[in-house]
Amino acid sequence: MANTISKTAEFHTLLRNYRGIVGNMRIGGIWISFDSCFFNYYDDDDEIQFNLAGQEGIVTIPTVEEYDKLGEDEELLEDSVAGYTARLKGDITLTVYCFNAKNHPMD
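Going by the numbering used here, the sequence shown opens with residue 1133, and the numbers climb by one from there.
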């Protein structure tokens, strides 16, 4: 259990290092897309506030079981600096494309 808690914290910290995120989340057979110029991270829980289709909204990220940076051969969205795929508790897949790195090294 400690491993998944630390993975969740690692992934949230990773996302905080970017000023903008777009992406999609697959819950069962349904894809939910989101677009964000900026987002707020709530340090006391697992919520990240995104701009969803022009409206404010909350995306709750459940426990992260594992995550990986998108590989060299995987196409990033235009102008994004990095991309990640996370497998979340409940068999949910989250893919994010990150823009405008704040403190994250460009590797």
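The C-beta atom is built at its ideal place from N, Cα and C for all residues, glycine as well.
In the DSSP assignment, find the unbroken beta strand (DSSP E) run with residue i in it and report its ends.
i            : result
residue 1200 : 1196-1201
residue 1154 : 1150-1159
residue 1222 : Taken as a continuous stretch (DSSP letters only), residue 1222 belongs to no beta strand (DSSP E), as it is neither H nor E.
Which whole-angstrom value is the C-beta distance of residue i and residue j, which I expect to be below 8 Å?
i            : j            : result
residue 1241 : residue 1155 : Because the chain here runs from 1133 to 1239, residue 1241 falls outside it and cannot be looked at.
residue 1111 : residue 1151 : Past the edges of the chain, shown from 1133 to 1239, lies residue 1111, and the structure says nothing about it.
residue 1217 : residue 1199 : 7 Å
How about residue i and residue j: are their beta carbons less than 8 Å apart?
i            : j            : result
residue 1219 : residue 1227 : no
residue 1245 : residue 1215 : No statement about residue 1245 is possible, as the shown extent of the chain runs from 1133 to 1239 and does not include it.
residue 1139 : residue 1210 : no
When we look at the beta-carbon of residue i and count the other beta-carbons within 10 Å, is it buried (16 or more) or exposed?
i            : result
residue 1272 : This structure gives no information on residue 1272, because the portion of the chain shown stretches from 1133 to 1239.
residue 1212 : buried
residue 1145 : exposed
residue 1193 : buried
residue 1159 : exposed
So, at 6 Å on beta carbons, what are the nonlocal neighbours of residue i in its own chain, with the 5 sequence-adjacent residues on each side left out?
i            : result
residue 1157 : 1164 and 1226
Using 7 Å as the cut-off, classify the Cβ of residue i as near or not near the heavy atoms of the ligand COA, replying yes or no.
i            : result
residue 1165 : This structure simply doesn't include the ligand COA, nor any ligand for that matter.
Can you list, in chain order, the residues of its chain whose CB lies under 7 Å from that of residue i, leaving out five sequence neighbours each side?
i            : result
residue 1223 : none
residue 1195 : 1136, 1140, 1220 and 1221
Excluding sequence positions up to five away, which residues of its chain have a Cβ less than 8 Å from the Cβ of residue i?
i            : result
residue 1208 : 1202, 1214, 1215 and 1229
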